[in-house]
Structures are given as structure tokens and as C-alpha cells.
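Q: Take a look at this one; I'll ask things after.
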Amino acid sequence: MNPNVVILIIGAVDVIMGVSIFIMAGTITSQAFIPSLINDQSLIIGTLMHEAMASQIVAIGVILLILKDVSFEVAKKVLLGAGVAIAISLLSAMRHYFMPEVSPPLPAIIFQALLMIAAFYVSQTAKEN
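So in the working numbering the end of the sequence shown lands on 135, straight run, no missing numbers.
And the structure:
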């Protein structure tokens, strides 16, 4: 697969995911934590933290979308970097998944893992036509 296409896909997914998290920050906060941790203050703090995280996801997506037309060899390096970044984020999500206080959605974790695998795989195996 062409690394530029994978960059485009990951960038677009990041922008959509970031905007969605920003819009749904309050709902995500209220549903992600066990009820005993939810109060007015924790909802405000959790919502603000989700909004901050969402803006960073959008920013990474925009950077990737800007880089979608780089040369083949540069695209492979960009994908390697994206794969590492997704892996770091995924490690954090997996840590939270196994904590009793919070429950990140498993489908989102699986989807991120698939994007990470695609980024690593294409960065290492893509051949220029």
C-alpha cells in the first residue's frame, strides 16, 4: 500500500476522532469513570482534560494531512513516527483499560491498534513503484 494513502487515512481519522471527542467530552467523561468518582468538579475537570486531548489529536491529524504529499521515502518515515506515536497513546489506553476506575471503549482501542499496525507495516514494507 502507498504510504501517502495511509498517512491520509490516519490524518483524517485523527481529525474526525479529535473533533468527536471534543464535542462529546462531557458525555465521555460521565460514562468513562465509575459512578463514585463522578461529581460536579470531576465532570468539569474531566471534560476540560478531554477537550485538551481532543485538540492535540486534531493537531496531529492536521500535521499528517499536511504531510500526505511528501516523497515516498519521507512518507515511510512519517508513518514510522505516526506508528510510534499511536503506540505510546495505545500503551496509555491499555493501562487505563485494566484499571478499575476507568473504562476506555475497547472498540476504539482495537481501531487504534489497527492503525498502528498499518503504520508500522507500511513504513517497513512499502516499495516504490
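The C-beta atom is built at its ideal place from N, Cα and C for all residues, glycine as well. It should be emphasised that the depicted structure is a prediction, and the values quoted were computed from it without experimental measurement.
How many whole angstroms separate the CB atoms of Gly-24 and Ser-48, which I take to be in contact at a CB cut-off of 8 Å?
A: Wrong, their Cβ atoms sit about 22 Å apart, outside the cutoff.
Q: Just the Cα atoms here: how many angstroms apart are Ala-93 and Phe-126?
A: Cα-Cα distance, rounded: 10 Å.
Q: For a minimum of 4 consecutive residues, which ranges assigned as the alpha helix (DSSP H) are wholly contained in the region 40-118?
A: DSSP runs (the alpha helix (DSSP H)) wholly in the region 40-118: 46-72 and 78-103.
Q: Using a Cβ-Cβ cut-off of 7 Å (strictly less than) and excluding sequence neighbours within five positions of Gly-16, which residues of its own chain qualify?
A: Before going on, a small fix: residue 16 reads as Ile here, not Gly. Close CB contacts of Ile-16 within its chain, under the 7 Å cut and outside five residues either way in sequence, are with Leu-70, Ala-88, Leu-121 and Ala-125 (chain order).
Q: Taking 8 Å as the limit between beta carbons, can you name the residues of its chain near Met-100, skipping five residues before and five after?
A: Ile-115
Q: Within a Cβ cutoff of 7 Å, which residues of the same chain sit near Gly-32, ignoring the five residues on either side of it in sequence?
A: Leu-49 and Thr-53
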